[in-house]
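Only one structure is covered here, and it is reproduced in the block below.
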Amino acid sequence: GEDVEQSLFLSVREGDSSVINCTYTDSSSTYLYWYKQEPGAGLQLLTYIFSNMDMKQDQRLTVLLNKKDKHLSLRIADTQTGDSAIYFCAGGPGANNLFFGTGTRLTVIP
Amino acid sequence: GAVVSQHPSRVICKSGTSVKIECRSLDFQATTMFWYRQFPKQSLMLMATSNEGSKATYEQGVEKDKFLINHASLTLSTLTVTSAHPEDSSFYICSARGGGPDTQYFGPGTRLTVL
């Protein structure tokens with residue numbers, strides 16, 4: 139199966155930008171996704187990027203994809219306390235076979 | 056769109072009893088649903104993939120006789136944990152494939168505690 143790796147923790151001050159990184163091994167992913175998990179809840183699809191794109195911006199969220207290096211990142215501008223959660227990147231050959239990263243716990247310091 | 060519900064959200068049961076968890080896609084039809092287990096501070100572990108009207112496909116190491124999955128309709132899949140034991144205590148999350156983009160949409164999860 140695919141290996142998807144993320145750093146486990148990230149702390150930022152409220153108002154700063156957060157950058158969460160993800161590396162993966164399988165280059166056959168058509169889409170790559172970012173999910174957000176708040177405590178005691180399921181995963182919420184935040185955003186996604188098609189594999190032939192380099193960047194996608196959606197309000198405060200910017201996704202960057204470097205296919206050559208198999209590196210995906212999520213930038214959250216003007217990070218708020220409500221952004222504190224665990225963020226998972228995911229990809230795979232299809233929606234039936236998604237591989238999830240280990241998750242990055244983002245803590246926003248007021 | 057693409058809302059998935061789970062019921063119950065939390066259940067506590069005695070060892071040896073069976074527990075059923077329901078997963079519903081509320082505003083779309085899901086031919087494929089997935090059941091995951093999540094241990095504290097860990098990522099998701101796929102348990103099984105269920106297709107409407109057919110038998111579920113279990114991941115290696117998951118006992119199909121212990122974790123019974125039924126996907127009887129395009130909007131409902133159930134997971135029954137049979138003869139539950141304390142080691143089955145976990146957070147169980149379902150997802151359903153559908154909507155746009157084509158990905159998995161997750162339910163809110165069920166916290167199972169077996170005493």
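Chains A and B are the protein sequences, given in the same order. The opening residue of the first sequence carries number 139 in my numbering; numbering runs sequentially from there. The opening residue of the second sequence carries number 56 in my numbering; numbering runs sequentially from there. Idealized CB from N, CA, C, for every residue including glycine.
With fewer than 16 other Cβ atoms inside 10 Å of its own Cβ, D207 (chain A) counts as exposed.
Counting only Cβ-Cβ distances below 7 Å, Y171 (chain A) has contacts in chain B at T158, in chain order.
In chain B, no part has a C-beta under 8 Å from the C-beta of A215 (chain A); the shortest such distance is about 23 Å.
In the structure shown, E77 (chain B) adopts extended strand secondary structure according to DSSP, grouped into three states.
With fewer than 16 other CB atoms across the displayed protein chains lying within 10 angstroms of its CB, I247 (chain A) is exposed. Between the region 215-231 of chain A and the region 129-145 of chain B, the count of Cβ pairs shorter than 8 Å is below three; the stretches do not touch. When DSSP states are grouped into helix, strand and coil, P231 (chain A) belongs to the strand group. By DSSP's assignment, R198 (chain A) forms no beta bridge with any residue. For T133 (chain B), the uninterrupted beta strand (DSSP E) run begins and ends at L131 to V136, by DSSP. Within 10 angstroms of the beta-carbon of M193 (chain A) lie fewer than 16 other beta-carbons, which makes it exposed. By the criterion of at least three beta-carbon pairs nearer than 8 Å, the region 197-205 of chain A is not in contact with the region 144-152 of chain A. In the displayed model, G153 (chain B) falls within a strand according to three-state DSSP.
Ranking B:D82, B:F89, B:I124 and B:V74 by CA distance to the CA of S144 (chain B) puts B:V74 first.
Taking a beta-carbon distance threshold of 9 Å, G239 (chain A) counts as an interface residue toward chain B.
Between T165 (chain B) and R65 (chain B), the C-beta spacing is below 9 Å. Collapsing the DSSP output to three states places E143 (chain A) in a strand.
Proximity of F161 (chain B) to chain A, defined by a Cβ-Cβ separation below 9 Å, is satisfied.
Legend: CB atoms of the region 95-110 of chain B lying less than 7 Å from CB atoms of chain A belong to residues S98, L99 and T104.
In this model, Y147 (chain B) and Q93 (chain B) are separated by some 6 Å (Cα to Cα).
C-alpha of T130 (chain B) to C-alpha of L81 (chain B): approximately 7 Å in a straight line. Within chain B, the residues P156 and T158 have their CB atoms less than 9 Å from the CB of Y186 (chain A), given in chain order. T242 (chain A) and F226 (chain A) have their alpha carbons spaced roughly 7 Å apart.
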